[in-house]
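Colleague: Before I ask anything, here is the structure I am working with.
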Amino acid sequence: GLICYKTSRYSEAERFYRRALAIREKALGNDHPETARIWNQLAVLYYTERQYGKAEQLWSKVLRIWEASLGPEHPDVAAALNNLATAYFADKRFDEAEPLFRHTVEVCGKALGPEHPCVITALTNLASVERARHRYEDAESLYRRALAMEERTLGPDHPEVVAVLSNYAALLRQMHRKAEATKLETRLRELRATSASISPGTFEVDWRDLQATQNH
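Residue 487 is where the sequence shown ends in the working numbering, and the numbering goes up by one at each step.
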């Protein structure tokens, strides 16, 4: 199923996932955490196909199973929270996405450390929710916090800094702070030019990419 998914053969991927589910449910039961891993992969597939309602239903189920079986502060629970919140965001259900992203920050921080990439991703996602709700000052504070963490942990010239910088620059444009936005955009161009030969394809990864939190 995963091979079909990665090669964009989504109908085949769904068939394989459902066959795997039938086998795993028979062997382990419907509420086993390993069964939930296949539900999670199927939810990623539905999200990719923009079937957000189906993805939301499955991630809600995955979250319930993992919280009950693994504990509320397990890293997999943080992944499920982030994924469900991302589906809500894509579906423009911002009021439902916001508390889940905040909870993701909390769980990731406790489970993996306060400046783990999971925390940075969730902060960036949360900032984008606030930006979509036109809460620009809150969004800026969150982008700046995420950017500071990335620069401390990875260095200011690391390719992964691009995602936060890009979103922050777009926010500044929306706030009509053109000089500051231009300064960040210049830094982005320089960073992309420097990093292109070192890490090709890095900038294809968007902050909403769920594969980073997909369990295989």
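Beta carbons are placed, not taken as given, at the ideal position from N, Cα and C, and that holds for glycine.
1) Can you check which of these residues, Tyr439, Lys297, Glu285, Lys449, is closest to threonine 319 by C-alpha distance?
2) Do you know offhand how far cysteine 379's Cα is from proline 346's?
3) Considering only C-alpha positions, which residue in the set Ala441, Arg406, Pro385 is nearest to alanine 417?
4) I'd like the span of the alpha helix (DSSP H) that includes glutamate 363, first residue to last.
5) If you draw a straight line from the alpha carbon of glutamate 475 to that of glutamate 367, how long is it in whole angstroms?
6) Taking a contact to mean a Cβ-Cβ separation below 8 Å, would you say asparagine 396 touches asparagine 353 in this structure?
7) Residues in its own chain within less than 6 Å of arginine 463 by CB, not counting five upstream and five downstream?
8) Given a threshold of 16 other Cβ atoms within 10 Å of its Cβ, counted over all protein chains shown, does threonine 392 qualify as buried or as exposed?
9) Closest to lysine 277 by CA distance: which of Leu313, Ala293, Arg289 is it?
10) Report the three-state DSSP secondary structure of aspartate 302 (helix, strand or coil).
11) If you follow the alpha helix (DSSP H) that threonine 278 is part of, which residue opens it and which one closes it?
12) Can you tell me which of Thr457, Asp428, Thr465, Ser412 puts its alpha carbon nearest to the alpha carbon of leucine 442?
13) What are the uninterrupted segments assigned as alpha helix (DSSP H) that are 4 or more residues long and contained completely in the region 398-435, given in chain order?
14) Using three-state DSSP, classify proline 385 as helix, strand or coil.
15) Pick helix, strand or coil for glycine 380, following the three-state DSSP scheme.
16) Going along the chain, which residues of its own chain have a beta-carbon closer than 7 Å to the beta-carbon of aspartate 428, five neighbours each way excluded?
17) Measuring CB to CB, does leucine 272 end up less than 8 Å from alanine 291?
18) Do you know offhand how far glutamate 338's Cα is from histidine 303's?
19) Pick helix, strand or coil for glutamine 312, following the three-state DSSP scheme.
20) Should glutamate 327 be labelled buried (16 or more other beta-carbon atoms within 10 Å of its own) or exposed?
Modeller: In brief:
1) Nearest C-alpha to threonine 319: Glu285.
2) Rounded to the nearest angstrom, the two C-alpha atoms are 6 Å apart.
3) Distance from the Cα of alanine 417 is smallest, within the candidate group Ala441, Arg406, Pro385, for Pro385.
4) The residue you asked about is not glutamate; residue 363 is lysine in the sequence shown. DSSP places lysine 363 outside any alpha helix (DSSP H), giving it a letter other than H or E.
5) Unreliable placement is indicated for glutamate 475, whose pLDDT of 24 sits below 50; no coordinate value is reported for it.
6) Contact: yes.
7) Same-chain partners within the cutoff: there are none.
8) The residue in question, threonine 392, is buried, as its Cβ has 16 or more Cβ neighbours within 10 Å.
9) It is Leu313.
10) Per DSSP, reduced to three states, the secondary structure at aspartate 302 is coil, with no helix or strand assignment.
11) Taken as a continuous stretch (DSSP letters only), threonine 278 belongs to no alpha helix (DSSP H), as it is neither H nor E.
12) Measuring from the Cα of leucine 442, the nearest candidate turns out to be Ser412.
13) DSSP runs (the alpha helix (DSSP H)) wholly in the region 398-435: 407-425.
14) If DSSP states are grouped into helix, strand and coil, proline 385 belongs with coil.
15) Looking at glycine 380 - three-state DSSP - the assignment turns out to be helix.
16) Excluding positions up to five away in sequence, the list reads Leu462, Thr465.
17) Sequence inspection shows glycine at residue 272; the leucine mentioned does not correspond to that position. Yes; because the gap between Cβ atoms is below 8 Å, this pair is in contact.
18) Spanning the two alpha carbons is a distance of roughly 11 Å.
19) Of the three classes helix, strand and coil, the one that applies to glutamine 312 here is helix, per DSSP.
20) In summary, glutamate 327 is buried, with 16 or more beta-carbon neighbours lying within 10 Å of its beta-carbon over all protein chains present.
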